[in-house]
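Step one of this worksheet: look at the structure below.
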Amino acid sequence: MNIDLEDIFNIDYNWVDLIFLSVVLVLVYMLLLFLRKIVFNISFLGGARSIVKRVLDIILILYEPLFILVIISAFVMIKPGIHGLIIGVLLIMGFSHIRNYFHGRLFMSDKSLKAGRRIRISDQEGIITQMGRMGLQVRSDDGLHYVPYHILVTEGYVMSSGEKIGGYYRLSISKENSDAGQSYLSELSNILISSPYVDGDHKPEIKRSIDAQDTIDVRLLVKEEQHLNDLIALLSEYGYQSKITKSN
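Position 66 of the sequence shown, counting from 1, maps to 315 under my numbering, and the rest follow consecutively.
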């Protein structure tokens, strides 16, 4: 059976088709997010968990722009003349945002560029605290800065090391004569959230260790590098033993 491209473009698309297509694509997107959340929280996959999570992350990075392009195409095909003109005007008006968005998709696929890493852009250096759809949030000694992705393309960037300011750390935390039960997790979470040393804009990631049942793995952002030792001392006062397993 031969399919003519002309027949495809002559299909009578309508608003019902667009709504149905949108609902299906949204449901698929939600399913992918749900699968990623499950993979993040389960432990039986062992070392394969990071690989599966990475594959799902790449699928999500690619799926979102494809989702948008399919919806735009379906919208244009309802009334090609009028809707094509509308999309053209929107593309011209929002060119800078669209450029940053697609640059962002590329940067998000780069494993070296992620929250918690130290970056130098031109004469500015700081810790990446968030990777948004249009740009980065970078915290340096003089405050929080927003850096659109096109700046990384035009000016370049360097992933750097050094301990000038705070950053992300991973801690392995345990408490004598206590297992990693729900009350244990709740108490630890409250201590970290209320601590003056942890960046309040970024909630600590707390989960049970895969290797030891009585140990909790925590990933958090400290405001300044020297605050890490203060935080460990604070946890010690509550009876917790803390070990730094990884920085940034």
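Cβ coordinates follow ideal geometry from the N, Cα and C atoms, glycine included.
Assignment of residue 489 by DSSP, reduced to helix, strand and coil, places it in the strand class. In terms of CA proximity to residue 281, 316 leads the group 262, 393, 316, 263. Around the C-beta of residue 349, 16 or more other C-beta atoms lie within 10 Å, and the residue is accordingly described as buried.
Of all C-beta pairs linking the region 321 to 338 to the region 302 to 312, fewer than three are shorter than 8 Å, placing the two stretches out of contact.
The straight-line gap separating the alpha-carbon atoms of residue 329 and residue 434 is approximately 56 Å. Inter-segment contact for the region 438 to 451 and the region 474 to 482 is present: three or more beta-carbon pairs are separated by less than 8 Å. Taken through DSSP and simplified to helix, strand or coil, residue 262 comes out as coil. Looking at the DSSP output, residue 424 bridges to 489. Every alpha helix (DSSP H) stretch that sits fully inside the region 322 to 393 and reaches 4 residues is listed by chain position as 329 to 342, 344 to 357. Separation of residue 381 and residue 332 (C-alpha to C-alpha, rounded to the nearest whole angstrom) is 29 Å. Here residue 302 carries a helix assignment [DSSP, helix/strand/coil]. Taking C-beta atoms as the reference points, residue 370 and residue 408 fail to come closer than 8 Å. Within the same chain, 375, 376, 378 come within 6 Å of residue 388 by CB-CB distance, once the 5 residues on both sides are set aside. Just measuring C-alpha positions, the residue of 354, 365, 391 sitting nearest residue 401 is 354. In the three-state reduction of the DSSP assignment, residue 314 falls in the helix class, which pools H, G and I. Between residue 319 and residue 270, the alpha-carbon positions lie close to 9 Å from each other. Residue 456: member of the beta strand (DSSP E) spanning 454 to 457, first to last residue. Cβ-Cβ separation between residue 398 and residue 470: approximately 22 Å, too far for a contact (criterion under 8 Å). Pairing residue 274 with residue 298, the inter-Cα distance amounts to about 26 Å. The alpha-carbon separation between residue 265 and residue 276 amounts to approximately 17 Å. Taking C-beta separations shorter than 6 Å and ignoring five residues to either side along the sequence, the partners of residue 302 in its chain run 288, following chain order. A straight line joining the alpha-carbon of residue 346 with that of residue 487 spans about 48 Å. Membership of residue 398 in the alpha helix (DSSP H) is indicated by the continuous run 398 to 404.
Per the C-alpha coordinates, the member of 327, 306, 466 positioned closest to residue 262 is 327.
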